[in-house]
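*Asks:* The numbering used here applies: residue 263 is where the sequence shown begins, and numbers increase by one.
Glycine is no exception: its CB is placed at the ideal position from the N, C-alpha and C atoms.
Computed from a predicted model, the values in this text were never measured in an experiment.
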Amino acid sequence: MTYRERLTCWAVVRLLPSMQRIVVARFRSRSDADGHLQVLQRMLPTAQFKVVFDLEE
Numbered sequence: 263m264t265y266r267e268r269l270t271c272w273a274v275v276r277l278l279p280s281m282q283r284i285v286v287a288r289f290r291s292r293s294d295a296d297g298h299l300q301v302l303q304r305m306l307p308t309a310q311f312k313v314v315f316d317l318e319e
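Written out as structure tokens, the structure reads:
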């Protein structure tokens, strides 16, 4: 994992059927991720999104 990847540990994911998920975007801070989540929920009101702490190895 590169240094840049370690800085972006907050992710907005879209929840799909059958326990699947798609990472929509990654952020450096939780507040940035929450702000992006609010915009996505306004644009796609029927889709389900969550903010998660995501450290990939």
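Distance check for Arg-283 and Thr-264, CA to CA, integer angstroms please.
*Replies:* Rounded to the nearest angstrom, the two C-alpha atoms are 23 angstroms apart.
*Asks:* Does Arg-292 come out as helix, strand or coil in the three-state DSSP assignment?
*Replies:* If DSSP states are grouped into helix, strand and coil, Arg-292 belongs with the helices.
*Asks:* Under a Cβ-count criterion, where at least 16 other Cβ atoms within 10 Å of its own Cβ denotes burial, should Ala-295 be classed as buried or exposed?
*Replies:* Classification for Ala-295: buried.
*Asks:* Can the beta-carbon of Val-314 be found less than 8 angstroms from the beta-carbon of Val-286?
*Replies:* Not closer than 8 angstroms, so no.
*Asks:* Could you tell me the distance, in whole angstroms, from the CA atom of Leu-317 to the CA atom of Cys-271?
*Replies:* Approximately 6 angstroms, taken between the alpha carbons.
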